[in-house]
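A.B. asks: If you scroll down you'll find the structure; I have some questions about it.
Numbering (full-length UniProt numbering), first residue to last: 1 to 87.
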């Protein structure tokens with residue numbers, strides 16, 4: 001929400017007609033989140049030297065929840081592209 005508010009506020013300031021394109025990047029989100037979860041799991045021993053097992057479980061559950069939201073279609077990344085209108 002904040003990103004879109006900022007983006008459209010910027011457009012209003014520019015006062016230029018723009019053609020906007022949004023590309024949903026759901027697969028990229030899933031791949032990135034799985035990679036981050038794998039990184040967390042691979043660094044578990046080092047993590048537990050500084051933090052608790054509860055902290056680790058909390059972070060792991062957070063990554064898993066994001067992956068589930070992405071798979072369910074409730075969370076996604078999108079790429080935004082704008083061009084000055086030719087009109």
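For each residue, glycine too, the CB sits at the ideal point set by N, CA and C.
1) Counting only the same chain and skipping the five closest in sequence on each side, list residues whose C-beta sits under 7 Å from that of residue 32.
2) For residue 48, count the other beta carbons within 10 Å of its own beta carbon; 16 or more makes it buried, fewer makes it exposed. Which is it?
3) Considering only residues of the same chain and omitting the five flanking positions on each side of residue 64, which have a CB-CB separation below 8 Å?
4) With a CB to CB cut of under 7 Å and the five nearest residues on each side skipped, what residues in its chain are close to residue 2?
5) What's the call for residue 66, buried or exposed, on a 16-neighbour Cβ count within 10 Å?
6) Please name the residue, chosen from 57, 76 and 78, that lies closest to residue 41 on a Cα-to-Cα basis.
7) Please classify residue 70 as buried or exposed, where buried requires at least 16 other C-beta atoms within 10 Å of its C-beta.
C.D. replies: Well, looking at it:
1) Same-chain partners within the cutoff: there are none.
2) Counting Cβ neighbours within 10 Å, residue 48 comes out exposed, since fewer than 16 surround it.
3) 37
4) Note that residue 2 scores a pLDDT of 47, beneath 50, so its modelled location is shaky and nothing firm can be said.
5) buried
6) 57
7) buried
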